[in-house]
């Protein structure tokens, strides 16, 4: 027994045991609560997969449509029993690719400026202003496409003899690209800012310019995080709904004309839920099958993002 415990009366030993026991119970309660929160997220994901999976199986059973025909068929006509979603897949990835061409370079260059060039006062103003774009409701972007972007495209290209549809792919690509710029720039800027200052100082000591340090040292060091932000942004573009509904329209077709209309997987889901399809019919169940295809697409991109992070992550000590 130590000298300290020998001088503590036995009647006061409970004063030490009480707080210790309360702290242990508190820690146990906090751990249980955190475990519950983590379990809820896992169960939610499992529930989504279960519901989509069961309804998708019921769709294939009732519609008598094969999986290969469902994914590669070029005719989508639920009234006629034709459920080829290749036009939906084409439209979805067409909008995602077009918006990525706009958003990824602008977002990355914005992140490099905020991380390497902008003074602290300018960064404190620009970054929140840029992230404010992410808080605008997506349906507002759809109205922006109808009332501003499409009229501008008509004014530019129709005098050249190039017809521009009221609902067109180019307009959807522009507004969705603007929408995902904050996602790319914010995540990339956080990654670039996390690169150790010593790497920058080493580059300057060797006589490198700020541009060379930014593009040949800082960017390669944070490349894994930048690539992950790109993949997450593309995933967001694939899952976008309301802006695409208003901008691109609801015409399922495979076309290379960016000024023509198209239909995406999310747009089809909106059209079915807002239509007159009876509950339990193949047309109604088809929205679950399309939703499963959309879910698997975004899941694959998210898994790819995680693989890129683990494969190319730089660890600094």
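In the working numbering, the protein residues as written are 4 to 320.
Just so it is clear, CB atoms sit at the ideal spot from N, CA and C, and this is done for glycine as well.
In the displayed model, residue 80 falls within a strand according to three-state DSSP.
For residue 142, the uninterrupted alpha helix (DSSP H) run begins and ends at 141-147, by DSSP. The alpha carbon of residue 293 has as its nearest neighbour, out of 31, 54, 46, 35, the alpha carbon of 54. Counting C-beta pairs closer than 8 angstroms gives three or more between the stretch 189-199 and the stretch 225-232, which meets the contact rule. DSSP places residue 112 inside the alpha helix (DSSP H), whose first and last residues are 89-115. At least 7 angstroms separates the beta-carbon of residue 85 from that of residue 285. When DSSP states are grouped into helix, strand and coil, residue 282 belongs to the coil group.
When secondary structure is reduced to three states using DSSP, residue 67 falls in the coil class, being assigned neither helix nor strand.
Put simply, the backbone Cα of residue 207 is about 17 angstroms away from that of residue 115. Rounded to whole angstroms, residue 37 and residue 301 show a C-alpha spacing of 27 angstroms. Looking at 119, 68, 91, 83, the one whose alpha-carbon comes closest to that of residue 202 is 119.
Nearest Cα to residue 242 within the set 126, 272, 252, 139: 272. Cβ-Cβ distances below 7 angstroms link residue 58 to 288, 291 in the same chain, with the five nearest sequence neighbours on each side left out; the list follows chain order. Going by beta carbons, residue 276 and residue 244 fall outside the 7 angstroms limit. Going by DSSP, residue 230 is part of the alpha helix (DSSP H) stretching over 226-241.
Within the DSSP secondary-structure output, residue 85 pairs in a beta bridge with 80. Nearest neighbour of residue 281 by Cα position, chosen from 30, 82, 211, 209, turns out to be 82. Residue 270: member of the alpha helix (DSSP H) spanning 268-276, first to last residue. In this structure, the beta-carbon distance from residue 161 to residue 152 does not fall below 7 angstroms. Nearest in C-alpha terms to residue 101, of all of 180, 309, 209, 263, is 180.
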